[in-house]
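A short write-up of the structure that comes next.
Number of protein chains: 2
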Amino acid sequence: MKTILGLDIGGTKILGVLYDLDGKELAREKKKTKANEGLEVVMSQIYKVIDALKSFEDAQILAIGAGVPGIVDDNGTVAFSPNIPFRDFTLGKKLSERYEVPVYVGNDVNVAMYGEYKHLDSRASKHVLGIFIGTGVGGAIIIDGKLYTGQGSAGEFGHMVVSADGAYCGCGAQGCLEAYASKTAIQKYILKQLTKGRKSMFSDLLEEDGAVLKSSSIRKAYDAHDELAKEVVDRLARYMGIAVGSLVNLYHPEMMIIGGGITEALGDLLLEKIISESRQHAMPGLMETVNFTVSELADEAGVFGAYQLAQNML
Amino acid sequence: MKTILGLDIGGTKILGVLYDLDGKELAREKKKTKANEGLEVVMSQIYKVIDALKSFEDAQILAIGAGVPGIVDDNGTVAFSPNIPFRDFTLGKKLSERYEVPVYVGNDVNVAMYGEYKHLDSRASKHVLGIFIGTGVGGAIIIDGKLYTGQGSAGEFGHMVVSADGAYCGCGAQGCLEAYASKTAIQKYILKQLTKGRKSMFSDLLEEDGAVLKSSSIRKAYDAHDELAKEVVDRLARYMGIAVGSLVNLYHPEMMIIGGGITEALGDLLLEKIISESRQHAMPGLMETVNFTVSELADEAGVFGAYQLAQNML
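Sequence order for the protein chains is A and B.
Each position in the first sequence, counted from 1, maps to that position plus 668 in the numbering used here.
Each position in the second sequence, counted from 1, maps to that position plus 668 in the numbering used here.
Structure follows, in structure tokens:
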């Protein structure tokens, strides 16, 4: 049977899904990345995932797609990954030689948002932006139906300045969107407010969730009319709205997909607030021409986008 | 002789240039736009320019290109122009029917920056951004060697937010780049400083120049070590640098062209300052991969871009 393999290579786990040529899932396999055990161990974990799926019935793999955190060039070389020991590593070439099939490797957020695009609406819209709120803030640019990466790093929406002289960002710069709208920035803001002595459900929720606040906890506190939760959501919408309004002026796309765990947990409630703030910044008449939607695939977006990008190579 | 006609339709004048198929200028014609006399007068002025050039020797016009201030869609319909009485006006169709040739109509800044791109480096670079400092701040996006306009209005770099809660912009929004880096914003800043009682050459220069300060006057004051001029140039470079750094993160282009009268008057002196500020905002490693250059064609960019875009239709 002719199949295509999608891989989502993350900092903690590797997910592989085998699809038939119509995009139907046939099998899946998950392994730990073991990133701290070095490059060779990581590669052997990737091979194990692929080999397990290859043995599925009479699967003949025609192409492989993969998303990886970090900077990836057009040839599938990973210049740098923040979580995995890839440094100028020719991942695409390695996989292609080993399995003798065409291989697509892209940045994980690019690949996942491309998956959302293909899932949501790839026929009606050709110019689409995806913006993703995770630990950081990332994005993807789709132009004429194709993923645009410029010289490799395009779509870093988290690192557009929204506030000159503003908050410091993990990248070293000042005023980046990511310093306001990432999960990391949100948690930092909540902790600061709690330290100041503000009363909020987040005290208990943070204890329950452990080191990292869950997206669902933000929703829970918001639904319980927690005042700090309302402030956090409004603040997130504010800065996201500034960015989204600017992006509408920059790209005038047909559709914008807002993705990530927090977005999916808050859904239309957050989307409406973001749209409302964007109207303050988009040029007259433009907002009405753009469709806004929340992502739907959650953790499945990566493998599905990888499958789609692999299929494009055939 | 086979020719192509480029038109630059401005708020005060219409410039037409006739080119041969190798881009050599054969003849030019200029008329007042007479925008305040209404649509029919404007159209008759445009026809006069074209007809005058059409009568050049044995010119056979194969295609017409035109740049117009305002919002233009893919079909050459001008949705709105701030200076000319075009409202949902099918300019492209009108010209195409009258002269029986293919006609390209685009936004004036888009068209001019495309002209700069073709003039400067259209072979080496495929992904290029042009950012233009004029009365406002505009831009153009070139992807895969083609002008990208999204749904019509892409490239409005003047209306990306650089400062949340910042200065009010003519568009109604707050914190737009245009509110800091346009000629209008610069003149406003200078007037405010003079009103505060600051001593500067700009007092005399403004009187000499009349209502609008000339770009050459900014250069003159800067070269004379005028303190306010230095401040104005540094402030311009600061906000342009924030925008340019963000744009590098968003598009990761191969080249960025900084254009407009002020840019051409200040040249590399301004460009170096902008690049230096951009480094504070672009992600690590990206600035080194982008070529920065100042525009070169000045007022000729519009007709030349129009010619190039018309030629693409053949």
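Glycine is no exception: its CB is placed at the ideal position from the N, C-alpha and C atoms.
All values reported here derive from a predicted model rather than from experimental measurement.
Give the secondary structure of residue i by DSSP, where H, G and I count as helix, E and B as strand, and everything else as coil.
i	result
V900 (chain A)	helix
E964 (chain B)	coil
Q855 (chain A)	helix
I930 (chain B)	helix
F748 (chain B)	strand
M669 (chain A)	coil
Q979 (chain A)	helix
D688 (chain A)	strand
V800 (chain A)	The sequence shown places Phe at residue 800 (chain A), rather than the Val named in the question. Residue state, collapsed to three classes: strand.
D789 (chain A)	helix
D756 (chain B)	strand
Q713 (chain A)	helix
G840 (chain A)	coil
G806 (chain B)	strand
E913 (chain A)	Just to set this straight, residue 913 (chain A) is Gly in the shown sequence, not Glu. It is helical.
R696 (chain A)	strand
Q819 (chain B)	coil
K794 (chain B)	coil
L938 (chain B)	helix
Q728 (chain B)	strand
K702 (chain A)	coil
M955 (chain A)	helix
A734 (chain B)	strand
N775 (chain B)	strand
D676 (chain A)	strand
K681 (chain B)	strand
M869 (chain B)	coil
V971 (chain A)	helix
By the 10 Å Cβ neighbour count, where 16 or more other Cβ atoms means buried, how is residue i classified, buried or exposed?
i	result
N917 (chain A)	buried
G802 (chain B)	buried
P737 (chain B)	buried
N704 (chain A)	exposed
K898 (chain A)	exposed
Y755 (chain A)	The sequence as given places Arg at residue 755 (chain A); Tyr does not occur at that position. Exposed is the call here.
E956 (chain B)	exposed
K786 (chain A)	buried
K692 (chain B)	exposed
M923 (chain A)	buried
Y848 (chain A)	buried
A879 (chain A)	exposed
Q855 (chain B)	buried
P921 (chain B)	buried
A974 (chain A)	buried
T817 (chain A)	buried
H893 (chain A)	exposed
Q728 (chain A)	exposed
L707 (chain A)	exposed
Y919 (chain B)	buried
Residue i touches chain B at which residues, Cβ-Cβ below 7 Å?
i	result
F754 (chain A)	Those within 7 Å of F754 (chain A) in chain B number zero; the least Cβ separation is about 15 Å.
L954 (chain A)	S821
Y816 (chain A)	I811
H893 (chain A)	The premise fails here: H893 (chain A) is roughly 27 Å from chain B at the closest Cβ pair, so nothing lies under 7 Å.
H949 (chain A)	V829 and A841
So residue i contacts chain A; which residues on that side make the cut at Cβ distance below 7 Å?
i	result
T957 (chain B)	Q819
N917 (chain B)	E824, H827 and M828
M781 (chain B)	Under the 7 Å cutoff, chain A gives no residues; its nearest Cβ is about 14 Å from M781 (chain B).
Can you tell me the Cβ-Cβ gap for residue i and residue j, rounded? I've got them flagged as a contact below 8 Å.
i	j	result
I811 (chain B)	I925 (chain A)	20 Å between Cβ atoms; not a contact.
T931 (chain A)	S963 (chain A)	6 Å
G927 (chain A)	M781 (chain A)	6 Å
K761 (chain A)	G744 (chain A)	6 Å
V900 (chain B)	I858 (chain B)	6 Å
G970 (chain A)	D776 (chain A)	6 Å
G838 (chain B)	L977 (chain B)	Not confirmed; about 28 Å, so no contact.
A808 (chain A)	G798 (chain A)	4 Å
L982 (chain B)	A792 (chain B)	Actually they are not in contact, since the Cβ atoms of L982 (chain B) and A792 (chain B) sit about 24 Å apart, beyond 8 Å.
L965 (chain B)	E784 (chain B)	6 Å
A683 (chain A)	R696 (chain A)	For the sequence presented, residue 683 (chain A) should be read as Leu rather than Ala. Contact flag correct, Cβ pair sits at about 7 Å.
Taking C-beta pairs closer than 9 Å, name the residues in chain A that residue i reaches, listed in chain order.
i	result
I801 (chain B)	By Cβ distance, chain A contributes nothing, its closest Cβ being about 17 Å from I801 (chain B), past 9 Å.
H795 (chain B)	Y816, G818, Q819 and A822
Could you tell me which chain A residues have their CB closer than 8 Å to the CB of residue i, listed as they occur along the chain?
i	result
M987 (chain B)	It is not possible to answer for residue 987 (chain B), since the shown part of chain B is limited to 669 through 982.
| field | Near-chain B residues of the stretch 915-944 of chain A (beta-carbon distance less than 9 Å), N- to C-terminal order | value | L915, V916, N917, L918, Y919, H920, P921 and E922
| Any residues in the stretch 831-843 of chain A with a beta carbon nearer than 9 Å to a beta carbon of chain B? Which ones, in chain order? | S831, A832, D833, G834, C839, G840, A841, Q842 and G843
| query | Using a Cβ cut-off of 7 Å, which residues of the stretch 852-875 of chain A contact any Cβ in chain B, in chain order? | reply | none
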